[in-house]
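In mature numbering (1 follows the signal peptide of the UniProt record, and there is no 0), the protein residues as written are -21 to -1, 1 to 304.
Positions of the beta carbon are idealized from the N, C-alpha and C atoms, including for glycine.
Because the structure is a prediction, the values reported are computed rather than measured.
Right under this line is the structure:
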């Protein structure tokens, strides 16, 4: 998927060189079975205290810092915002902010999604946008979200880190995700019921049968072929979704929607060239069948970033979190 078009560069943040290319050893260790929801639930995600790396200029009514936290022994960087003023009793509500695909080698903590994150920060939420492993200065290797669990683990440890922070109310944490980040958001919600609310924009939220057979999007040229081959490697070992549905359903968050602790709000444009509207339509119906609350917004003629309806989508998203966190 293409990255968000809204870009704000915060000057003065010195970044280390981009992460190294994917190693043969890391690729050889990949096993799609590690993505199973059962294995994800069995794993601990303690996170760590959020270590301040650099303090940035304040927003209108919130502070901004580049921070780091620990995930699988890796140092992961993130952009943290904290409201100014006196926190409500129990601490501020918080949102884990999951970005979509951006080429890992050009990703920077303080670029992309800044305008999106700003809307939630202004509304009185702590926000934490994680740089998944191998992105920007984060340690580890960028192997994608769909056939290896690394990014999911980083998101879950971002959640764990917020729970440790005394400024945050651990009972009032939600997630926002765009594109690939929507895939990660839905997974996190079925892994850990402490995620109370989810908002997904243009999310890759189809099950694996849909992702393999109903997704005609051409992968970005920036994704190395050796990473794209992880799908082929998984199919060679476990078969296709139609031949082995039990295995692939065990990996898909869509199979575990009954375990959601809270409601989901969906946003997508009909002119989205990256993610099919059918993914959102199917998920909305699956949520209703599971008896889970869902708000489903489809924007005629809008693109992957909801550029034509950005203000409306942000207002609806902020209001959804405010009413439920």
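When DSSP reads this structure, residue 109 sits in a beta bridge with 57. Across the structure, residue 302 and residue 165 are spaced so that their CA atoms are roughly 20 Å apart. The secondary-structure analysis by DSSP pairs residue 43 across a beta bridge with 35, 60. Going by DSSP, residue 74 is part of the beta strand (DSSP E) stretching over 71 to 77. Contact check for residue 183 against residue 190 passes: the beta carbons are separated by less than 8 Å. The Cβ-Cβ distance between residue 226 and residue 169 does not fall below 8 Å. The beta-bridge partner set that DSSP reports for residue 245 consists of 179, 275. With respect to the 8 Å criterion, residue 127 and residue 9 are classified as neighbours on the basis of their beta carbons. A direct Cα-to-Cα measurement between residue 41 and residue 74 gives close to 14 Å.
The way I'd put it, the stretch 126 to 145 does touch the stretch 19 to 39; three or more beta-carbon pairs between them come closer than 8 Å.
Residue environment: residue 244 is assigned as buried (16 or more neighbouring CB atoms within 10 Å of its CB, all protein chains considered). Rounded to the nearest angstrom, the gap between the Cα atoms of residue 246 and residue 68 is 32 Å. Pairing residue 92 with residue 120, the inter-Cα distance amounts to about 22 Å. For the options 55, 201, 84, the alpha carbon positioned closest to that of residue 107 is the one of 55.
By the Cβ criterion, the stretch 34 to 52 is in contact with the stretch 128 to 142, since at least three pairs of Cβ atoms, one from each stretch, lie closer than 8 Å.
Excluding its 5 nearest sequence neighbours in each direction, residue 207 has C-beta neighbours in its own chain below 7 Å: 198, listed in chain order. When DSSP states are grouped into helix, strand and coil, residue 294 belongs to the helix group. Counting other Cβ atoms within 10 Å of its Cβ, residue 175 reaches 16 or more and is therefore classed as buried. In the three-state reduction of the DSSP assignment, residue 259 falls in the helix class. Secondary structure remark: continuous alpha helix (DSSP H) runs of at least 4 residues inside the stretch 113 to 199, in chain order: 129 to 143, 159 to 170, 187 to 192.
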